[in-house]
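713 is the number of the first residue of the sequence shown in the working numbering; add one for each residue after it.
Glycine residues also receive a C-beta, built at the ideal position from the N, C-alpha and C atoms.
Data block below; observations after.
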Amino acid sequence: MTAVRVVLADDQALVRAAFAMLVESAADMDVVGQAGTGREAVALAREGRADVVVMDIRMPELDGIEATRLLAADEDLAGVKVLVLTTYDTDEHVVEALRAGASGFLVKDTRPAELLDAIRVVAAGDSLLSPGPTARLIARVLRAPEAPAPSSADALGQLSERERQVLALVARGLNNTEVAEALGLSPLTAKTHVSRIMGKLAARDRAQLVIAAYESGLVAPSRQGDRP
Numbered sequence: 713m714t715a716v717r718v719v720l721a722d723d724q725a726l727v728r729a730a731f732a733m734l735v736e737s738a739a740d741m742d743v744v745g746q747a748g749t750g751r752e753a754v755a756l757a758r759e760g761r762a763d764v765v766v767m768d769i770r771m772p773e774l775d776g777i778e779a780t781r782l783l784a785a786d787e788d789l790a791g792v793k794v795l796v797l798t799t800y801d802t803d804e805h806v807v808e809a810l811r812a813g814a815s816g817f818l819v820k821d822t823r824p825a826e827l828l829d830a831i832r833v834v835a836a837g838d839s840l841l842s843p844g845p846t847a848r849l850i851a852r853v854l855r856a857p858e859a860p861a862p863s864s865a866d867a868l869g870q871l872s873e874r875e876r877q878v879l880a881l882v883a884r885g886l887n888n889t890e891v892a893e894a895l896g897l898s899p900l901t902a903k904t905h906v907s908r909i910m911g912k913l914a915a916r917d918r919a920q921l922v923i924a925a926y927e928s929g930l931v932a933p934s935r936q937g938d939r940p
């Protein structure tokens, strides 16, 4: 099995070193670069043919959000996934990183095994990492009673009623198996629906589907932002 190629981006050398030791301890992963700035992260992702960039948000020269945006916009780096690390799970900048193309986020004090699992999940591109917390964060950020974003609302018109149902459940943090159970579908059918929705909404991954669901008004933030 080919090892997952990982770039670690954080402006603190000790943090990078600790993460590097952890990632290198996994038999299925290799650290192909360590970056202290967002600009270095983009360059190393290209040079090291990275699969995943573990990206801090606050970095000099180019922050993690802009670095993520550059990675997402480069066709040659289309396969690179970004996992954002933040100090707090209430960091509103995380939403901007997800909009920019990040596949998910973790707080820095997460357990080592969870970080390794997160890298594997993001590398596989199967699902959004920690969808429940992500949905709660997006709900908080988008809680203001504003009108749905026009582009998001228009895009929603491309979806069938079934696809809207699937998208709403994805936005609540359900994975494909849970979506299938909720709607009486097979897991394969649920996965197919999710893939088609991503194509119609031009979403890179499930993180952007969650954002689109809230911004379009399909899903309204609850008071707690929790899963039903």
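Asked, Found
"L797 beta carbon less than 8 Å from that of M771", "no"
"For Q724, three-class secondary structure by DSSP", "coil"
"Residue of A738, E759 and L879 minimising C-alpha distance to G745", "E759"
"CB-CB length for A883 against V931, believed under 8 Å", "4 Å"
"For K793, the first and last residue of its enclosing beta strand (DSSP E)", "K793 to T798"
"G745, enclosing beta strand (DSSP E) - first and last residue", "M741 to A747"
"Heavy atom of the ligand ZN within 7 Å of F817 beta-carbon", "What this structure holds is no ligand at all, so the ligand ZN is not there to describe."
"Distance between S928 and P857 (C-alpha atoms, nearest Å)", "Because the pLDDT of P857 is 46, which lies under 50, any placement of that residue in the model is unreliable, and the number read from its coordinates should be weighed accordingly. The straight-line gap from Cα to Cα measures roughly 12 Å."
"Beta-carbon spacing of A915, A902 below 8 Å", "no"
"At least three beta-carbon pairs within less than 8 Å, the region 802-812 to the region 821-830", "no"
"Which of helix, strand or coil DSSP assigns to R874", "helix"
"Euclidean distance between Cα positions of S872 and F731", "43 Å"
"Environment of R781 [buried if 16+ CB atoms lie within 10 Å]", "buried"
"N- and C-terminal bounds of the alpha helix (DSSP H) containing M767", "Counting along the chain, M767 falls outside any alpha helix (DSSP H), though it belongs to the beta strand (DSSP E) covering V764 to D768."
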